[in-house]
Every structure is written in structure tokens, then in C-alpha cells.
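Step one of this worksheet: look at the structure below.
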Amino acid sequence: MRVGQRTGAAAPLGVIRPMKRLHGLALLRFFGLGGLLAATMASPLQAKGIDITLPPPASGASAQVFFSPDAETDQAIAQAIADARRRVWVAGYFFTSSALAKALDQAKARGLDVRVLLDRSQVTLKYSSATYFHNKGVPLWINARYPVMHHKFVLIDADTVGFGSMNFTRAGAQQNAENFNLFRRWPQLASTYAKEFERLQQESEPYRPGMAFDSATQPKP
303 MRVGQRTGAA APLGVIRPMK RLHGLALLRF FGLGGLLAAT MASPLQAKGI
353 DITLPPPASG ASAQVFFSPD AETDQAIAQA IADARRRVWV AGYFFTSSAL
403 AKALDQAKAR GLDVRVLLDR SQVTLKYSSA TYFHNKGVPL WINARYPVMH
453 HKFVLIDADT VGFGSMNFTR AGAQQNAENF NLFRRWPQLA STYAKEFERL
503 QQESEPYRPG MAFDSATQPK P
């Protein structure tokens, strides 16, 4: 797939028109309901093995596609969080990005519904943001239900979702070859990810310093 000239704004969804890649950021312009859109709609979410097919997005939906390490993806995510008006929910495997941690803390200070859910590895990881979130009072849950809770997505308000291969880390944004995709004005997609977040939260434990785990499924009291 070729990418073409940056337009300066997220492009509407549909069939891909070639555009230029600039600084690792591909803004894909779409027309119709084929190609990448169909693949996105049919992609399975990791909700107990259930495949979820979404209806087509509204005509105003848009997508931004970021390819690290050149895209300043963490800055784009931080700006999306800063623009949030109601909620920001984040599920992540690794989370060490100070820029994104501060953006979430600031969102909480604005009175938004901020929730963070991380893999159990973040309890003991030296540079994890878990301690920062705890000290700042950002609600944090730890998921130990699976060998790895490998999600990397952010849900903003009722119509914006970002997800991709990139962990919420400086290395993920600035060093590794990664992708991250921001979909705006697509409430059906946001609702689907909200349900997955709530499912994960129900099987997770609120973070507390020093928490440990007896097995892959149960934390120690």
C-alpha cells in the first residue's frame, strides 16, 4: 500500500487513495466502503474469542494512521487525550510514557472519567507508570487473568478509539517499527471497545503497591 501527501487533518473512511508519507504519519483518504474499511469492520476483538462485525461508520468518520518511529505518535495520542470531554479509558500491556501518563493525570484533574488497565507485569516493572498513576490518584486496575494482557487501546469520549501494535512507551513511539490508528466519530466502534474494557475491568484487581500474584489468575490478598 502506498501513502501520499499529508492533508493536515484526518481523512474520511472508504477506499484508499494513494497519498504521501511524511514524518511517519500516513493520513489515508478513503472513498466508498471497500478495502481497509471492510477489513477493519471484520476484525475480531479479543472478547472471549467472539468475532464482532460492525456496521459501516457514519459519513463523518475519519482515520489517522501513524507509523513509528517517525510519527510522533505519543504526541498525537496526548493531544487526543487533551481534547477529550467526558472519558479516557486506556488498556495497555506496557506503559512507561511520561508524556501520556501526564496527559491522563491532567484529564483526571479536569474531572474526566479516566481509567487505566494494565498487564500484571507492570506491577513490578522498574519504569512502569503504575506507581505514578497510584500517587496521582488515577484509577488503575491490573489484569492477571491471562498469561499476557496484550491490549493497546485508548477510548476517548463516545466516538473515538485508538489502537495498534505500539505499547504506550517512549520506545514504542520513537524507536520501534510500530503502527497506531486513531478512529474518530465512529460511536459503534467506541461502544464495542468500551464493552471490552468493562469486561477486562471486571476480571481485574484495583492496583495497590506491592501486590503480587499466586498464579496467572489470582492476586495474593
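Taking the numbering used here, the leading residue of the sequence shown gets 303, the next gets one more, and so forth. Here a beta-carbon is modelled for each residue, glycine too, at the ideal position from N, C-alpha and C. No experiment lies behind these values; they were computed from the predicted model shown.
Select from Lys410, Ile458, Ile379 and Asn481 the residue whose C-alpha is nearest the C-alpha of Asn437. Lys410
Do you know how far the Cα of Pro449 is from the Cα of Thr457? The question names Thr, but residue 457 in the sequence shown is Leu. Cα to Cα, the separation comes out at about 24 Å.
Looking at the unbroken alpha helix (DSSP H) that takes in Thr426, where does it start and where does it end? Premise fails: Thr426 is in no alpha helix (DSSP H) and is neither H nor E.
Ala363 - DSSP class collapsed to helix/strand/coil: coil
Among Lys404, Gly512, Pro358 and Ala496, the one whose alpha carbon lies nearest that of Arg389: Ala496
Return helix, strand or coil for Ser399, following the three-state DSSP convention. coil
Under a three-way DSSP split, which group does Thr462 fall into? strand
So what's Thr376 in DSSP terms, helix, strand or just coil? Looking at the sequence provided, one finds Asp at residue 376 rather than Thr. Three-state result, Asp376: helix.
Please confirm if Ala411 has its CB atom under 9 Å from at least one CB of chain B. Protein chains in the displayed structure number just one, and chain B is not present.
Taking all protein chains shown into account, do 16 or more other C-beta atoms lie within 10 angstroms of the C-beta of Asp353, making it buried, or fewer, making it exposed? exposed
One question on the structure: do Thr398 and Ser423 come within less than 9 Å of each other, judged by their Cβ atoms? no
Excluding the five sequence neighbours on either side, which residues of its own chain have a C-beta within less than 7 Å of the C-beta of Thr375, listed in chain order? Phe368, Met468, Ala475 and Phe482
Report the rounded CA-to-CA distance for Asp461 versus Ala363, giving the unit in angstroms. 9 Å
Any idea if Asp421 is buried or exposed, counting beta-carbon neighbours within 10 angstroms, 16 or more meaning buried? buried
Can you say whether Tyr509 is buried or exposed, counting buried as having 16 or more other CB atoms within 10 angstroms of its CB? buried
List the whole-angstrom C-beta distance separating Phe499 from Phe396, where the pair is believed to meet the contact cut-off of C-beta under 8 Å. Going by Cβ atoms, the distance from Phe499 to Phe396 rounds to 18 Å, so no, they are not a contact pair.
Assuming Val416 contacts Ile444 under a Cβ cut-off of 8 Å, what Cβ separation, rounded to an integer in Å, is found between them? With a Cβ gap of about 16 Å, Val416 and Ile444 do not count as contacting.
Taking the beta carbon of Ala386 as the centre, do at least 16 other beta carbons fall within 10 Å, making it buried, or is it exposed? buried
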